[in-house]
Amino acid sequence: MTSETSSSTSGTRPLAAAKSPAGTGASPLVAQLIALALVGLAVVVVQHLLVQLGSVSGSSWLLTVVDAADGIDGRTPAVLAAAVVALVVAVLLLPVALKPRPRRTLALRASSGVHLRRQDLVRVVRAAIDGTDGVTDADVSVGRRRVKVVARSVATSERESELEDAVRARAERVCSAVDPTPRVDVTIRPEKG
Amino acid sequence: MVSRTTLLVDRLATLVLVALLAAAGLAGLWWWSGREVSGSTLPGTSRTMRVADALGNTGLAWGIAAVAVVVALVALRWILAHLTRPTVSRLRLEGSGDAGRSEALAGKVLAAAADAFAATEGVRSARGSVVRDRGELVARIDATIEPEADLTHVAQRADEVSAQLHDVLGRDDLRAAVRLRVAARGRALSRVH
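Going down the list, the sequences are from chains W and X.
For the first sequence, the positions run 261 to 453 when the working numbering is used.
For the second sequence, the positions run 5 to 197 when the working numbering is used.
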């Protein structure tokens with residue numbers, strides 16, 4: 261493999277890009293919790309069998325629960341609360357099962373499937389802006405198609421538009437590497453005091 | 005990363021849970037309200053004596069314990085499916101035919117590619133691997149870059165390394181994925197932009 265000092269050989273094309281990175285969503289977490297609960301349930305059932313056979317002393321956990329569930333009056337607020345909770349949890353879990361895999365990365369302008377996360381782009385833009393004359397601090401946020409920069413400066417208001425242009429130029433230079441290129445919004449806020 | 009089959013099973017399991025919770029919630033509401041639905045009402049207080057009596061039968065206890073153990077084993081296997089990484093260790097090179105199979109240790113080739121990529125200005129470190137992701141064979145490079153790195157240059161280098169990989173491995177079905185993370189704090193680069 262060659263390092264960057266030699267030029268690329270024979271005009272071979274880069275490999276095509278893989279499918280862009282996708283998260284899994286929350287369903288694996290829910291599913292693994294269900295799996296753990298099933299294992300727990302199996303333990304309870306086996307313990308019941310062992311108690312029945314006399315191999316294990318003590319009382320069956322399963323029977324304890326079944327007996328505790330006997331004679332509950334349906335008209336109590338506790339039953340209503342439990343029913344409502346069950347319905348609410350069902351409604352909350354439904355999107356987990358149905359939502360498509362989340363895509364949280366941005367693609368760079370390249371053939372080979374280069375991606376980075378939003379928080380990574382924030383760091384690069386912020387590093388590009390830091391050190392601009394007159395900027396004391398910069399707050400960068402990356403949205404769907406937009407990068408928003410709020411820079412604090414000690415510059416006078418006459419120099420503000422000059423500073424805004426300088427900051428925008430640096431941010432846009434970074435963002436030009438992203439595909440599709442996000443729009444850059446720059447606001448300069450004067451440093452108080 | 006979870007395979008697509010496992011993810012599908014996860015989503016189905018979540019849906020089953022949603023259905024069960026919804027049914028339980030609705031049944032609870034029906035019980036609490038004491039209303040008549042299609043000519044029947046639920047008893048005012050729960051009676052689980054029958055269940056408790058049935059569980060006293062040793063034969064039934066054996067039966068449900070056997071089912072429970074099978075379910076628990078499947079559940080454990082299912083949890084394991086989330087923990088394995090779909091890496092590919094051997095990769096057939098182009099041109100391996102009658103003369104015998106020349107297999108590349110995919111890991112080594114990708115490690116060399118990652119080293120070449122890591123030599124790029126602005127890239128702090130890189131690791132390479134070949135994985136199966138959503139039905140594709142992917143040459144994946146995970147790299148950490150400096151916040152001051154030039155994204156355009158890094159993307160260009162990614163394409164160069166990808167082209168070299170294409171050349172060396174000669175497989176057109178291989179896809180490339182380069183995942184960049186930006187370090188929180190930069191180290192000084194040799195060149196100032």
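Every residue, glycine too, gets a C-beta built ideally from N, C-alpha and C.
Are the region 271-279 of chain W and the region 133-141 of chain X touching by the rule of at least three beta carbon pairs closer than 8 Å?
yes
Taking the alpha helix (DSSP H) that W:L381 falls in, what are its first and last residues?
Reading the first sequence from its first residue, position 121 is the one you call residue 381 of chain W. Run containing W:L381: R378 to I389, per the alpha helix (DSSP H) assignment.
Distance between W:A370 and W:K234 (C-alpha atoms, nearest Å):
The displayed coordinates of chain W run from 261 to 453. Any statement about residue 234 of chain W would go beyond what the structure contains.
Whole-number beta carbon distance between W:G373 and X:A122, since they are thought to touch under 8 Å
In the second sequence, the residue the question calls residue 122 of chain X occupies position 118. In the first sequence, the residue the question calls residue 373 of chain W occupies position 113. 18 Å between Cβ atoms; not a contact.
Measure the Cβ-Cβ separation of X:R144 and X:S133 and say whether it is below 8 Å.
Taking the first residue of the second sequence as position 1, residue 144 of chain X is located at position 140. Taking the first residue of the second sequence as position 1, residue 133 of chain X is located at position 129. Yes; because the gap between Cβ atoms is below 8 Å, this pair is in contact.
X:T10: first and last residue of the uninterrupted alpha helix (DSSP H) it sits in
Sequence index remark: in the second sequence, residue 10 of chain X carries index 6 (1-based). R8 to S37 is the extent of the alpha helix (DSSP H) around X:T10.
Can you have a look at W:V414 and say buried or exposed, based on whether 16 or more other CB atoms are within 10 angstroms of its CB?
Taking the first residue of the first sequence as 1, we reach residue 414 of chain W at position 154. So W:V414 ends up on the exposed side.
Anyone know if the C-beta pair for W:A475 and W:I389 falls short of 8 Å?
Because chain W here runs from 261 to 453, residue 475 of chain W falls outside it and cannot be looked at.
Should the region 304-324 of chain W be called in touch with the region 61-75 of chain X, which here means at least 3 C-beta pairs below 8 Å?
yes
Between W:E424 and the rest of its own chain, which residues show a CB-CB distance below 6 Å, the 5 nearest in sequence each way excluded?
By 1-based counting over the first sequence, the position of residue 424 of chain W is 164. Correct list, in chain order: V446 and I448.
Is the beta carbon of W:V384 closer than 8 Å to that of W:V434?
Translated into positions along the first sequence, residue 434 of chain W becomes position 174. Translated into positions along the first sequence, residue 384 of chain W becomes position 124. Against a cut-off of 8 Å, the Cβ pair of W:V384 and W:V434 comes out as a contact.
Test: X:E140 CB closer than 8 Å to a CB of chain W:
As a first step, residue 140 of chain X must be located in the second sequence, where it is residue number 136. So yes, X:E140 belongs to the interface.
Alpha helix (DSSP H) runs contained entirely in the region 269-315 of chain W, provided each spans 4 or more residues:
287-313
Please compile the residues from chain W whose C-beta is within a distance smaller than 8 Å of the C-beta of X:S166.
In the second sequence, counting from the first residue as 1, residue 166 of chain X sits at position 162. Neighbours of X:S166 on chain W, chain order: P274, L275, S371 and S372.
By the criterion of Cβ-Cβ separation under 9 Å, what are the contact partners of W:V333 in chain X?
Indexing the first sequence from 1 puts residue 333 of chain W at position 73. Reading off the sequence, residue 333 of chain W comes out as Asp, not Val. Near W:D333 (Cβ distances below 9 Å), the residues of chain X are G48, T49 and S50.
Please compile the residues from chain W whose C-beta is within a distance smaller than 7 Å of the C-beta of X:L33.
The sequence position of residue 33 of chain X within the second sequence is 29, counting from 1. Simply A343.
Please list the terminal residues of the continuous alpha helix (DSSP H) segment that includes W:V410.
Position 150 of the first sequence holds residue 410 of chain W. Taken as a continuous stretch (DSSP letters only), W:V410 belongs to no alpha helix (DSSP H), being part of the beta strand (DSSP E) at R406 to S413.
Any chain W beta carbon closer than 8 Å to X:T156:
Walking along the second sequence from the start, residue 156 of chain X turns up at place 152. Output row for X:T156: interface = yes.
Confirm, please, whether the CB-CB distance from X:T52 to W:D330 is below 8 Å.
On the first sequence, residue 330 of chain W is found 70 positions in, with the first residue counted as 1. On the second sequence, residue 52 of chain X is found 48 positions in, with the first residue counted as 1. Yes, they are a contact pair.
Integer-rounded CB distance, given that W:L275 should sit under 8 Å from X:S166
By one-based count along the second sequence, residue 166 of chain X stands at place 162. By one-based count along the first sequence, residue 275 of chain W stands at place 15. The pair is a contact, with the Cβ atoms about 5 Å apart (cut-off 8 Å).
Do W:A346 and X:G38 have their beta-carbon atoms positioned less than 8 Å apart in this structure?
Position 34 of the second sequence, counted from the first residue, corresponds to residue 38 of chain X. Position 86 of the first sequence, counted from the first residue, corresponds to residue 346 of chain W. Cβ distance not < 8 Å, so X:G38 and W:A346 don't count as in contact.
What residue range does the alpha helix (DSSP H) around X:R81 cover?
Within the second sequence, the letter at position 77 stands for residue 81 of chain X. X:R81 -> alpha helix (DSSP H) spans T62 to A85.
If distances are taken between C-alpha atoms only, which option among W:G391, W:P450 and W:R386 comes closest to W:T416?
Reading the first sequence from its first residue, position 156 is the one you call residue 416 of chain W. That would be W:P450, whose Cα lies nearest to the Cα of W:T416.
Could you check the C-alpha separation between X:E40 and X:V20 for me, to the nearest Å?
Counting from one through the second sequence, the residue named residue 40 of chain X turns up at place 36. Counting from one through the second sequence, the residue named residue 20 of chain X turns up at place 16. Distance between the alpha carbons of X:E40 and X:V20: 27 Å.
Tell me W:I448's beta-bridge partners as DSSP assigns them.
Taking the first residue of the first sequence as position 1, residue 448 of chain W is located at position 188. Paired residues: W:A411.
N-terminal and C-terminal residue of the alpha helix (DSSP H) that W:R327 is part of
For this step, residue 327 of chain W is matched to residue 67 along the first sequence. In the sequence on display, residue 327 of chain W carries Asp and not Arg. Per DSSP, W:D327 belongs to the alpha helix (DSSP H) from W321 to A328.
Residues sharing a beta bridge with X:S133, DSSP
Numbered from its first residue, the second sequence carries residue 133 of chain X at position 129. The partner list for X:S133 (beta bridge, DSSP) reads X:R144.
Apply the 10 Å Cβ neighbour rule to W:P442 and answer buried if 16 or more other Cβ atoms are within range, or exposed otherwise.
By one-based count along the first sequence, residue 442 of chain W stands at place 182. Buried, because 16 or more other Cβ atoms sit within 10 Å of the Cβ of W:P442.
Report yes if the CB atom of X:T156 is closer than 8 Å to the CB atom of W:A437, and no otherwise.
Here the question's residue 156 of chain X lines up with position 152 in the second sequence. Here the question's residue 437 of chain W lines up with position 177 in the first sequence. Yes, these two residues count as a Cβ contact at 8 Å.
With 8 Å as the threshold, decide whether the Cβ of X:A110 is near any Cβ in chain W.
In the second sequence, residue 110 of chain X corresponds to position 106, counting from 1. Cβ-Cβ to chain W under 8 Å: no for X:A110.
Under the three-state reduction of DSSP, which class applies to X:L46: helix, strand or coil?
Within the second sequence, residue 46 of chain X is the residue found at index 42, counting from 1. X:L46: coil per DSSP, three-state reduction.
By a C-beta neighbour count over all protein chains shown, 10 Å radius and 16 as the cutoff for buried, is X:P151 buried or exposed?
As a first step, residue 151 of chain X must be located in the second sequence, where it is residue number 147. Buried, by the Cβ-count rule.
Using CA atoms only, rank isn't needed, just tell me which of X:A17, X:W36 and X:S42 is closest to W:L296.
What you label residue 296 of chain W is simply residue 36 of the first sequence in a count that begins at 1. Checked all of X:A17, X:W36 and X:S42; the closest Cα to W:L296 is X:A17.
Give me the chain X residues within the contact set of W:D380, using Cβ-Cβ distance strictly less than 7 Å, ordered along the chain.
Translated into the one-based positions of the first sequence, residue 380 of chain W becomes position 120. Correct list: L184, R185 and V186.
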